[in-house]
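S.K.: Residue numbering for the sequence shown follows my numbering, starting at 348 and increasing by one per position. Where is the CB? At the ideal position from N, CA and C, for every residue including glycine. Just so we're clear, the structure is a prediction, and the values are computed from it rather than from any experiment. Below: one structure in structure tokens.
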Amino acid sequence: MQQRDSDATAPPGIGVGMVGYAFMGAAHSQGWRNVSRVFDLPLRPVLAAIAGRDAGAVRDAARRHGWAAAETDWRALIARDDVQLVDICTPGDSHAEIAIAALEAGKHVLCEKPLANSVAEAEAMATAAEAARARGQVAMVGFNYRRVPALSYARRLIAEGRLGALRHVRVSYLQDWLVDPDFPLTWRLEREHAGSGALGDLGAHIVDLAQYLAGEPVAGVSAQTETFVRERPRLTAAAGLAAPSGQGAAVVPRGPVTVDDAVVFTGRLASGALAAFEASRMASGRKNQLRLEINGERGSLAFDLERLNELSFHDHGEPAATAGFRRILVTEADHPYLEAWWPPGHTLGYEHTFTHQARDLVVAIGTGTDPAPSFADGLRVQRVLAAVEESARKNAVYTPVQEVPAEVR
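Put into structure tokens, the structure is as follows:
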């Protein structure tokens, strides 16, 4: 890893305040805690404060993850003078309110995906971010899979024209944590909190990846969604992805599931390339499987998150007798982000994407450049999600995706 400067020559600090402390809060905390120990940065993140509604739980999270202070009101966190950057790791129903308040208070903002629960909220956030940009603030969405080195390298190869004109994009993201019908009714299964189900939770990731890798937007979709288990036991205690199942369905009151369990949709990119998407939280045996393949006139790329240090590449210009997909081990120093880590062949993991995310945001703030994905990028994803839901309501009728207004691009 890169050598760190002494305290006397260390870069100035930037105070980070985080709202939320569960799964994503822990992942983001690790990224903030580690980033300045790995990368040379123009600013040094300082874990100033973390906020959550449960006083005991947020104090424990602060102790566990290295935050200097704990707050039980996100407004108090935003008001702190030692916080210059607000990181939002809450359910989607609070993203817009917190992000807009933070931007109006003069803070930089990182917001977890999906950007919001509706296009209207996402539009308001993108507008607030554009206004804040004129004041020197930045806002970024936490699509962490962009920061997998193999996927960043895939984007580089596509941008360099190694695949030529794109023909097909296929992406799937499959999990199985909802297969048990007695898994409890967490907030992720309630539309008022989550906005949608597998569509927003997993589909947002693969829509963003498709648009990021292809370098162009999804222009329209034809979709179907399904909720396979329509009622689940109500929670008797707070729970998340690892909530215990089998609470006793016969005695525990059940409540309605108001989001989708799975979604499939086809689409067309702006260039005319065809795309296929699948997201499910009911795919038994699949814990966190994200796969993609992109085919172009000159070659193809394939990726599997379960082998996240590898990229498969096919050069269609090679002689047929020896042509085929070849495995690229993405661990070289000239691969994205790898200059700061280990010698070639020493692999990275899921948690490193959050360190890379923190690195990119801090560099953007320190250098006065625009980070990506921006809130406008998050709005583009939100518009695709909205088109998917509209198409599914109309029995898979092809539905164009509305363009993002020029004033917030």
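Measuring CB to CB, does residue 560 end up less than 9 Å from residue 646?
M.R.: no
S.K.: Comparing C-alpha positions only, which one of 660, 677, 575 sits nearest to residue 670?
M.R.: 660
S.K.: Just to confirm the assignment, what range does the beta strand (DSSP E) spanning residue 640 have?
M.R.: Going by DSSP, residue 640 is part of the beta strand (DSSP E) stretching over 636 to 643.
S.K.: With distances taken between CB atoms, is the gap from residue 600 to residue 581 smaller than 9 Å?
M.R.: yes
S.K.: Go through the segment 426 to 481 residue by residue and report every complete run of the beta strand (DSSP E) that reaches 3 residues or more, in order.
M.R.: For the segment 426 to 481, whole beta strand (DSSP E) runs of length 3 or above, ordered along the chain, are 432 to 435, 455 to 459.
S.K.: What residue range is occupied by the uninterrupted alpha helix (DSSP H) comprising residue 661?
M.R.: Where residue 661 is concerned, there is no enclosing alpha helix (DSSP H), although the beta strand (DSSP E) it sits in stretches over 657 to 662.
S.K.: Under the assumption that residue 743 contacts residue 558 (Cβ atoms under 8 Å), give the Cβ distance between them as a whole number of angstroms.
M.R.: Contact doesn't hold; Cβ gap of about 21 Å is too wide.
S.K.: With distance defined between alpha-carbon atoms, name the residue in 662, 667, 707, 692 nearest to residue 684.
M.R.: 707
S.K.: Rounded to the nearest angstrom, what separates residue 494 and residue 746 at their Cα positions?
M.R.: Whole-angstrom Cα-Cα distance: 30 Å.
S.K.: Distance check for residue 633 and residue 609, CA to CA, integer angstroms please.
M.R.: 13 Å
S.K.: Taking the alpha carbon of residue 400 as the point to measure from, which residue in 386, 382, 436 has its own alpha carbon closest?
M.R.: Ranking the options by Cα distance to residue 400, first place goes to 436.
S.K.: Have a look at residue 443 and residue 620 and give me their C-alpha separation to the nearest angstrom.
M.R.: 33 Å
S.K.: Quick one: residues in its chain with C-beta nearer than 7 Å to the C-beta of residue 594, no 5 flanking neighbours on either side, listed in chain order?
M.R.: In this prediction, residue 594 has a pLDDT of 45, which is less than 50 and means its spatial position is unreliable; nothing more can be read from the coordinates.
S.K.: Do you know offhand how far residue 540's Cα is from residue 668's?
M.R.: 55 Å
S.K.: Whole angstroms is fine: what's the gap from residue 639's alpha carbon to residue 357's?
M.R.: Taking the straight line from one Cα to the other gives about 41 Å.
S.K.: Closer than 8 Å is the cut-off here; do at least three beta carbon pairs connect the segment 460 to 477 with the segment 487 to 502?
M.R.: yes
S.K.: Here's the rule I'm using: 16 or more other beta-carbon atoms within 10 Å means buried, otherwise exposed. How should residue 716 be labelled?
M.R.: exposed
S.K.: On the CB-based measure, 16 or more other CB atoms within 10 Å of its CB, does residue 454 come out buried or exposed?
M.R.: With 16 or more Cβ atoms within 10 Å of its Cβ, residue 454 is classed as buried.
S.K.: Hey, quick one: how far does the beta strand (DSSP E) through residue 693 stretch, first residue to last?
M.R.: Per DSSP, residue 693 belongs to no beta strand (DSSP E) and is neither H nor E.
S.K.: With a threshold of 16 other CB atoms inside 10 Å of the CB of residue 784, please say whether the residue is buried or exposed.
M.R.: In the structure as shown, the chain starts at 348 and stops at 756, and residue 784 therefore has no counterpart that could be examined.
S.K.: When you compare each of 424, 465, 643, 537 to residue 445 by their alpha carbons, which one comes out closest?
M.R.: 424
S.K.: Quick check on this structure: which residue in 568, 502, 542, 578 has the alpha carbon closest to the alpha carbon of residue 525?
M.R.: 578
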